[in-house]
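Sequential numbering of the first sequence, starting at 5, is according to our numbering.
Ideal Cβ placement from N, Cα and C applies to all residues, glycine included.
If you're wondering where the values come from, they're calculated on a predicted model, not measured in any experiment.
Report on the structure given below.
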Amino acid sequence: MLIYNTLSRKKEEFTPLKPGNVTLYACGVTVYDDCHIGHARSAVVFDVIVRYLRFRGFTVTWVRNFTDIDDKIIRRAQQENLSWETVAHTYIASFQRDMQALGVGPADIEPRATEHIEDIIRIIKTLEIKGFAYQRDGDVYFPVAKFPGYGKLSGRSLDDMLAGARVDVNLQKDNPFDFALWKASKPGEPAWESPWGPGRPGWHIECSAMCQHYLGDTFDIHGGGADLIFPHHENEIAQSEAAHGKPLACYWVHNGMVTINQEKMSKSLGNFFTIQEVLAKFHPEVVRFFLIQNHYRSPLDFSDQALAEAESALMRLYSTLMRLEQAVEGTALPEAPPESLSLPGLNPEEYSRLLSLRPRFMEAMDDDFNTAQVLGHLFEVVRLLNRVLEHNPEERAIATPVLAWIRQELLTLGGVLNLLQHDPQILLQSLRQKTEALTIDPARIEELIEARRQARKQKDFALADAIRQQLVEAGILLEDTPQGTTWRVKS
RNA sequence: GGCGGCAUAGCCAAGUGGUAAGGCAGCGGUCUGCAAAACCGUUAUUCUCCGGUUCGAAUCCGGAUGCCGCCUCCA
Numbered sequence: 005m006l007i008y009n010t011l012s013r014k015k016e017e018f019t020p021l022k023p024g025n026v027t028l029y030a031c032g033v034t035v036y037d038d039c040h041i042g043h044a045r046s047a048v049v050f051d052v053i054v055r056y057l058r059f060r061g062f063t064v065t066w067v068r069n070f071t072d073i074d075d076k077i078i079r080r081a082q083q084e085n086l087s088w089e090t091v092a093h094t095y096i097a098s099f100q101r102d103m104q105a106l107g108v109g110p111a112d113i114e115p116r117a118t119e120h121i122e123d124i125i126r127i128i129k130t131l132e133i134k135g136f137a138y139q140r141d142g143d144v145y146f147p148v149a150k151f152p153g154y155g156k157l158s159g160r161s162l163d164d165m166l167a168g169a170r171v172d173v174n175l176q177k178d179n180p181f182d183f184a185l186w187k188a189s190k191p192g193e194p195a196w197e198s199p200w201g202p203g204r205p206g207w208h209i210e211c212s213a214m215c216q217h218y219l220g221d222t223f224d225i226h227g228g229g230a231d232l233i234f235p236h237h238e239n240e241i242a243q244s245e246a247a248h249g250k251p252l253a254c255y256w257v258h259n260g261m262v263t264i265n266q267e268k269m270s271k272s273l274g275n276f277f278t279i280q281e282v283l284a285k286f287h288p289e290v291v292r293f294f295l296i297q298n299h300y301r302s303p304l305d306f307s308d309q310a311l312a313e314a315e316s317a318l319m320r321l322y323s324t325l326m327r328l329e330q331a332v333e334g335t336a337l338p339e340a341p342p343e344s345l346s347l348p349g350l351n352p353e354e355y356s357r358l359l360s361l362r363p364r365f366m367e368a369m370d371d372d373f374n375t376a377q378v379l380g381h382l383f384e385v386v387r388l389l390n391r392v393l394e395h396n397p398e399e400r401a402i403a404t405p406v407l408a409w410i411r412q413e414l415l416t417l418g419g420v421l422n423l424l425q426h427d428p429q430i431l432l433q434s435l436r437q438k439t440e441a442l443t444i445d446p447a448r449i450e451e452l453i454e455a456r457r458q459a460r461k462q463k464d465f466a467l468a469d470a471i472r473q474q475l476v477e478a479g480i481l482l483e484d485t486p487q488g489t490t491w492r493v494k495s
């Protein structure tokens, strides 16, 4: 299995340090506000990676931290006249709610920076002893120029960066790229006692402390958003490796940014949508589907239209699942379908494509988690299945055990992406009737449907069509089915 | 200014040497009182442009153009 490693800028064969076990640390969020769709992407990407590694048989230890103390949290607390603890608790709860909605499993360990102040202080002490720390007025800094590998992750050299010289001059620091390990607190700010006086940890050191605490000096995969490559992950490497002299992580995995109109979604640009805003308009599984539709390292442009397209696509998958469910009801699951079988609507080559879904799924996921290709395979299988399902039950009787088997395959493989796990009928219905957009009372809709039913019964099609048109103007589309007339919101 | 990435149909998108997956939209059809939904079929002689390597290039190399990211807090 191949994983793209930011450190080498290549796909590399994945070999965990301890066979059968994977240790993974993914940078979480700073809890000072609601999360936006960019945070959702990162969370979903690593959730899928962990699920796939487990599906592949690895025992995974997944750590995702919360940064629960930093300048932005303190500022927020001051603005809202709340304690920093309250701010942190509020947004941890908000994050958890969002993750649950998106089907992102809890990580095995979800540590908070403030639970690891002692670990942090211990590492800074070690760095001090080894000459990798200096004090200025209660702050402690890391001297980047002393660490030989500085820049190896982001592929830049200190000289190049200094030539760019777009860094604020901070006379306190020996080098503009030196960063704080420990920050002295001002009066009224939260503070922990330390050998350098009361203060709080710098941003980067907390991750070094937490990953070491739970995963050891060197672990398998360290991940996060691509915008963390520099300086955050570069600095983590510098601190940790300067302190213990071993590589921090073997594979560095970074997800691409979510953009809006091709521009990065970010707080500072103000062009972001919170997860909650998006979930008010789209089903969480639609959002999840949208996020894994393209490769995790590519930028992903967000728009309502793109979400609407994802919704249509997901409905196609669920429609076929619903038809399958009806077609195979009560059929025992076969161990494995025959290697060749003539099914109505399929040639032998197409039949074998159906059977090879799982190996093709794994081949795609083994190639740096290519979920876009996986979805292509799923849709291909769905098309072939629909062709079989077009035939009437008598004609396709021979196919029923195979359909039962492939349905289970779709559910199992969909489960690895944490998609397709809902009841198809319920999910499709809820996607069709988005009541929050409604401008007409559902009871009134039912009345009109009944009036139209009467008209149709009397073959008064002019009146029936007038009623249909009236509802169209209210944004409601009618669908006549053998079970009666249903309605949906016009998209 | 430095470093890196990307460019594939109307839109989104996979594909890193062997002759262009998939989705959305569109169009044609089946079905329907008419529709809708659903389903089937169909849509790139070609992968931004120019040159090179090769029997063979979307894929490798060189150059050009355009867009984006990082270099400051960022998922």
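Measuring alpha carbon to alpha carbon, tell me which residue in H248, T63, P338, R116 is nearest P23.
The shortest Cα separation from P23 among H248, T63, P338, R116 belongs to T63.
Does the beta-carbon distance from D224 to L21 come in below 7 Å?
Yes. Within cutoff.
In or out: T485 buried (at least 16 other Cβ within 10 Å) or exposed?
Answer is exposed; the Cβ neighbour count stays below 16.
I need the straight-line Cα distance from G419 to E315, nearest angstrom please.
Those two C-alpha atoms are separated by around 18 Å.
Leaving aside the five residues before and after I113 along the sequence, list all residues of the same chain whose C-beta is less than 6 Å from its C-beta, in chain order.
Contacts found: V67, Y218.
Identify which residue in R391, R411, P205 has its Cα closest to the Cα of E119.
When each option's Cα is compared against that of E119, the closest is P205.
Evaluate the contact criterion for the segment 369 to 384 versus the segment 292 to 308: three or more CB pairs, one atom per stretch, below 8 Å.
Cβ pair count under 8 Å is three or more, so yes.
Would you give the residue range spanned by the beta strand (DSSP E) that G228 belongs to?
Start and end: 223 to 229.
Give a yes or no on whether the C-beta atoms belonging to S302 and G260 are separated by under 7 Å.
Yes, they are a contact pair.
Would you kindly check if the distance between the Cβ of I430 and the Cβ of T489 is under 7 Å?
For T489 and I430, no; Cβs fall outside 7 Å.
Does the distance from the C-beta atom of G228 to that of C39 stay below 7 Å?
Going by C-beta atoms, G228 is not nearer than 7 Å to C39.
With DSSP as the reference, label I444 as helix, strand or coil.
The answer is coil: DSSP assigns I444 none of H, G, I, E or B.
Any idea what DSSP makes of H237, helix, strand or coil?
Three-state DSSP puts H237 in a helix.
Assign F62 to one of three DSSP states: helix, strand, or coil.
Coil at F62, not helix or strand.
Can you give me the C-alpha to C-alpha distance between P194 and L421, rounded to a whole angstrom?
Approximately 41 Å, taken between the alpha carbons.
Rounded to a whole number of angstroms, what is the C-alpha to C-alpha distance between F234 and S158?
Cα to Cα, F234 sits roughly 6 Å from S158.
Could you check the C-alpha separation between R116 and C211 for me, to the nearest Å?
Roughly 10 Å between the two C-alpha positions.
Going by DSSP, name the residue or residues bridged to A30.
Note: A30 sits in a beta bridge opposite R68, G227.
So K15 is in the beta strand (DSSP E); what residue range does that whole segment cover?
Unbroken beta strand (DSSP E) run through K15: 14 to 17.
Between which two residues does the beta strand (DSSP E) holding W409 run?
Premise fails: W409 lies in the alpha helix (DSSP H), 404 to 420, not in any beta strand (DSSP E).
Based on Cα-Cα distance, which residue from R391, V291, Q83, G249 lies nearest to L347?
Ranking the options by Cα distance to L347, first place goes to R391.
Decide yes or no for the touch test of the segment 284 to 291 against the segment 342 to 361: beta carbon pairs closer than 8 Å, at least 3 of them.
Because the criterion of three Cβ pairs below 8 Å is not met, the segment 284 to 291 and the segment 342 to 361 do not touch.
So, for R472: in the same chain, excluding its five sequence neighbours on each side, which residues have a beta-carbon less than 8 Å away from its beta-carbon?
Cβ within range, chain order: R456, L482.
The beta strand (DSSP E) with Q139 in it runs from where to where?
Residues 138 to 140.
Along the beta strand (DSSP E) that carries F183, what are the first and last residues, could you check?
Taken as a continuous stretch (DSSP letters only), the beta strand (DSSP E) holding F183 covers 183 to 188.
Rounded to a whole number of angstroms, what is the C-alpha to C-alpha distance between F136 and A149?
Each residue's Cα considered, the two are about 10 Å apart.
Could you tell me which whole alpha helix (DSSP H) segments of length 4 or greater appear in the segment 233 to 296?
Here the runs fully enclosed are 238 to 248, 279 to 285, 288 to 296.
Is the CB-CB distance between P363 and W409 below 7 Å?
Contact flag unset, no.
To which residues does DSSP link H40 through a beta bridge?
Beta-bridge pairing links H40 to T278.
What number of angstroms, rounded off, separates the C-alpha of R529 from the C-alpha of I480?
Examination of residue 529 is not possible in this model, given that the chain is present from 5 through 495 alone.
Which residue comes first and which comes last in the beta strand (DSSP E) that contains N9?
Segment 6 to 9, the beta strand (DSSP E) holding N9.
Suppose the cutoff is 6 Å on Cβ atoms and the five residues either side in sequence are ignored; what does the same chain contact list for P251 look like?
Closer than 6 Å at Cβ, skipping near neighbours: T222.
Report yes if the C-beta of D372 is less than 6 Å from at least one heavy atom of the ligand SAH; otherwise report no.
Of ligands this structure carries none, so the ligand SAH is not represented either.
Report yes if the C-beta distance between F276 and I53 is below 7 Å; otherwise report no.
Cβ distance not < 7 Å, so F276 and I53 don't count as in contact.
Just verifying my parser: in three-state terms, what is the DSSP assignment at F306?
Correct three-state label for F306: coil.
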